[in-house]
Each structure stands twice: as C-alpha cells, then as structure tokens.
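Presented below is the structure to which this report refers.
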Amino acid sequence: MKYVFSGIQPSGSPTLGNYVGALRNWSLLQGEDRFCYYCVVDMHAITVRQDAEALKRRSMETVALLIACGIDPVKSALFIQSQVPAHAELSWVLCCNTYMGELSRMTQYKDKCAKHADNINAGLFTYPVLMAADILLYQTDLVPVGVDQKQHIEIARDIAIRFNNAYGETFKVPEGFIPKFGGRVMSLQDPAQKMSKSDPNPNGFVAIMDTPDVILKKFKRAVTDSDGEIRYDPENKPGVSNLLSIYTSFTDMSMEDAVAAFAGKGYGNLKTEVAQAVIDELTPVQQEYKRLLDDQAYLNDVIQSGASRAAKHANETLRAVYDCVGLHG
Ligand code: ATP
Ligand code: LTN
51 MKYVFSGIQP SGSPTLGNYV GALRNWSLLQ GEDRFCYYCV VDMHAITVRQ
101 DAEALKRRSM ETVALLIACG IDPVKSALFI QSQVPAHAEL SWVLCCNTYM
151 GELSRMTQYK DKCAKHADNI NAGLFTYPVL MAADILLYQT DLVPVGVDQK
201 QHIEIARDIA IRFNNAYGET FKVPEGFIPK FGGRVMSLQD PAQKMSKSDP
251 NPNGFVAIMD TPDVILKKFK RAVTDSDGEI RYDPENKPGV SNLLSIYTSF
301 TDMSMEDAVA AFAGKGYGNL KTEVAQAVID ELTPVQQEYK RLLDDQAYLN
351 DVIQSGASRA AKHANETLRA VYDCVGLHG
C-alpha cells in the first residue's frame, strides 16, 4: 500500500491556485493501491492571528469543500489536524532534530515575516517542522502540493533522512507530487506573483466560490500583453501563458492542442473560453459545497471517523519515535 498525505490551511477562501495546484490532484490520487490522508491544518493557521470562532467555522467549511472537490471520506481519511494530537507531539521531537540554520533559509518564513512584521512568532519559524511531522507520521510516499511548497517537502525529507541515520530506519522518505502545468497559478493582475487568497486585490485571484459573473469579470480584466499572439512562453508572455495553463488544467487538453485551438484568435476569446471552462467545472463543486454545509451532522461524522483512522496510523509511528529517542510516551 502506498500512502498519500496533504494539507490545506483553513485561512481565507481557497482559490483556483489551490484547486489546480493541489485539490484537484488530491481527488485524482485516490485509488485502489493508495490510501490518502487529507488534513485541514488548523494548527498551521494559528501562526497568523485568527479569530477563534471564524477559524472553527472555516475548518468545517474547508472539510465540506474538500468533499465537494471529490474527496471521498470513505476511501480516504479526511480530518482536522488539531484532533490528532500526534502531530504536535511528533513536531516537538523533530524540532529537537532540526537546525535553526536550515529553518532560517525557508522562503515562506521570510515572506511571512515581511507580511506580518508585528507578529513574528516562534511558530512561524518552526512551521516547516510541524509540516514535516504531518507528513512523516503516515509513512507517506507522495505529497501532492503546489510549487510553493517544494522547499518544505525538501526539509521534511532532510529531517527524515537525518533521523533515520541517527536512530535507525523510522520514517519513509516522502516525494513531492507537483503538477507539470498549474503547479504555480499566477495572479490575474500581476502574473509575476503567485495567485494568493490573501491578495488584497480581489481581481488577482478567482475564489472557488466566486459566482459565474464574477469569474467571467475577473478573467476579462486579466493582465496580458500587447503583442496579440496566443502562445505558451511563461518568460516573455506570463499573463497569456498563465491563462493557457489554467485552460489546459480545466479541459485536460495538452498545451500543444490548446495553443493550436486558439491559433489566429484574440485575447478576448481566450479569456472567455478559460472563464467558461472554469465555470463549467466549478458550478457543480459550488452546489455540492452548499448542500454539504447544511448537513453539519454528516460533516461531524466525517471528521470524527477521519481523525480516528488517522490517529491509529499516526500513533504507531509516534510510539516508534518515542522509543528511539528514549521517551516513555
Ligand atoms: P495563500 O494563497 O494565502 O498564500 P497558501 O499558499 O498558504 O495560501 P494553502 O491553502 O495552505 O495556501 O495551500 C494549499 C495548497 O495549494 C498547497 O499545496 C499549495 O502549494 C497550493 N497552492 C497555493 N497557491 C497556489 C498557486 N497559486 N498555484 C498552485 N498551487 C497553489
Ligand atoms: N504548508 C502548506 C500546508 C501544509 C501541508 C502539510 C501540505 C501543512 N502541512 C503537509 C502538504 C503536506 C501550505 O501552506 N500550503
């Protein structure tokens, strides 16, 4: 059996970037010979100040969204991080086996410090260790994420290798799973920046829950260039290339076929076609999400059963780790 693990923070409303870079693959990776653990990482979210009630509500909304995006809570374990204490427990042991130097090189840490200069807390610094604990608890083979998480997967691998060398084979060394196109969906307003749900300009991102009108409007306003030719060239034509790569992700077309289909057409046509492909796929997701939110009893059952399945596997690894380092547990 192969194991898949991934996590999403319940902060803000998820975007097309989250969908294409991660969520879509989460559902596609569910298969006969793989068991998937999908986690709403609320403990990661508190590295940035949160309103308590809003955080609880958004964690449940994120669970509903994951199911609406095709995650089957019977096939996979879908759970909330804070309900499985082994994550925090392993994180402490791993913190004692991680160097300050390697953590201070993390680009997400540097970015977040710049964004939240009034709250540079220790949790922001040890964030990648908690993420390594998430992954390593489940003897994970594959971690489906967007490009921005590559450095965090690398440090999780380094921590696993170092621990195995020091204490004997304890952890599987995980691999990242990053899509070829769509691993880094760019902002519609500034195609040099990644699309981010925390972008203060809402025209930069499309939220999965945006209405069809809003989605169309945001794509129509997308920044392109002035040469008028539709081709894939991320360096010289970042805006158009971003639209093309979103289009291929939503239509399952190859980049070659997509470029051929738009030959001789204008940017206006590209924008409306991309918007339509996105609307077609997101409409049923939105309907299912709304239906699920009305069924809190079902969502509660899902997270309780997800947490108990996850805890069983996580506690096995944690016991082995405690034994290695000499803790009683
Ligand atoms: P923000 O967009 O506010 O920076 P985040 O990066 O913290 O949010 P999460 O919700 O924690 O986002 O990310 C969930 C998954 O979505 C991760 O695997 C991440 O790599 C992926 N992801 C986030 N933004 C993008 C993007 N623009 N393109 C592709 N994948 C993305
Ligand atoms: N750091 C990730 C979210 C995350 C995650 C994980 C992803 C926390 N734990 C484990 C994959 C595996 C983010 O900010 N996108």
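All residue numbers for the sequence shown refer to my numbering, where the first residue is 51 and numbers rise by one. Just so you know, even glycine gets a beta-carbon here, dropped at the ideal spot from N, CA and C. Since this is a predicted model, take the numbers as computed values, not measurements.
Across the set Leu-294, Val-264, Asp-260, the C-alpha of Leu-294 shows the shortest separation from the C-alpha of Thr-274. By the C-beta density criterion, Lys-340 is exposed, having fewer than 16 other C-beta atoms within 10 angstroms. Taking Gly-289 as the centre and dropping the five residues before and after it, the same chain places the C-beta of Pro-241, Ala-272, Val-273, Thr-274, Asp-275 closer than 7 Å to its C-beta, in chain order.
In this structure Pro-250 is exposed. Its beta-carbon is surrounded by fewer than 16 other beta-carbon atoms within 10 angstroms.
In the displayed model, Lys-125 falls within coil according to three-state DSSP, outside both helix and strand. Here Val-113 has Val-90, Leu-128, Ile-130, Leu-349, Val-352, Ile-353 as same chain residues with Cβ atoms under 8 Å from its own Cβ, once five neighbours each way along the sequence are excluded.
In the three-state DSSP reduction, Cys-89 falls in the strand class (E or B). Under the Cβ criterion (8 Å, minimum of three pairs), the segment 175-195 counts as touching the segment 66-84. When the Cα atoms are used, Thr-261 and Ser-291 turn out to be separated by approximately 24 Å.
The beta strand (DSSP E) runs of length 3 or more contained entirely in the segment 172-205 are, from start to end of the chain, 192-194.
Taken through DSSP and simplified to helix, strand or coil, Thr-148 comes out as coil. Secondary structure note for Phe-55: its beta strand (DSSP E) is the uninterrupted segment 52-58. Boundaries of the alpha helix (DSSP H) harbouring Glu-306: 305-311, taken from the DSSP string. Leaving aside the five residues that flank Arg-108 on each side, the residues in its chain whose CB is nearer than 6 Å to its CB run, in chain order, Pro-60. In this structure the segment 153-160 does not lie against the segment 222-229, because fewer than three pairs of beta carbons, one per stretch, are closer than 8 Å.
The criterion of a C-beta distance shorter than 8 Å is satisfied by Leu-343 and Glu-111. Taking a C-beta distance under 8 Å as the contact criterion, Thr-148 and Val-98 do not qualify as a contact pair. Pro-334 counts as exposed, since fewer than 16 other beta carbons sit within 10 angstroms of its beta carbon.
The ligand ATP approaches Val-195 closely enough that one of its heavy atoms is under 7 Å from the residue's Cβ. With distances taken between CA atoms, Ala-210 lies nearest to Lys-222 out of Lys-222, Gln-199, His-202, Gln-201. Per the C-alpha coordinates, the member of Ala-72, Cys-86, Arg-74, Gly-67 positioned closest to Arg-359 is Cys-86. In the three-state reduction of the DSSP assignment, Thr-65 falls in the strand class. Ala-357 is the residue among Cys-374, Ala-357, Asp-373 whose C-alpha sits nearest the C-alpha of His-137.
Taking C-beta atoms under 8 Å as the contact rule, Ile-265 and Val-328 qualify, at a distance of about 6 Å. Non-local C-beta neighbours of Ile-203 in its own chain, meaning closer than 6 Å and more than five positions away in sequence, comprise Val-193, Gly-226, ordered along the chain.
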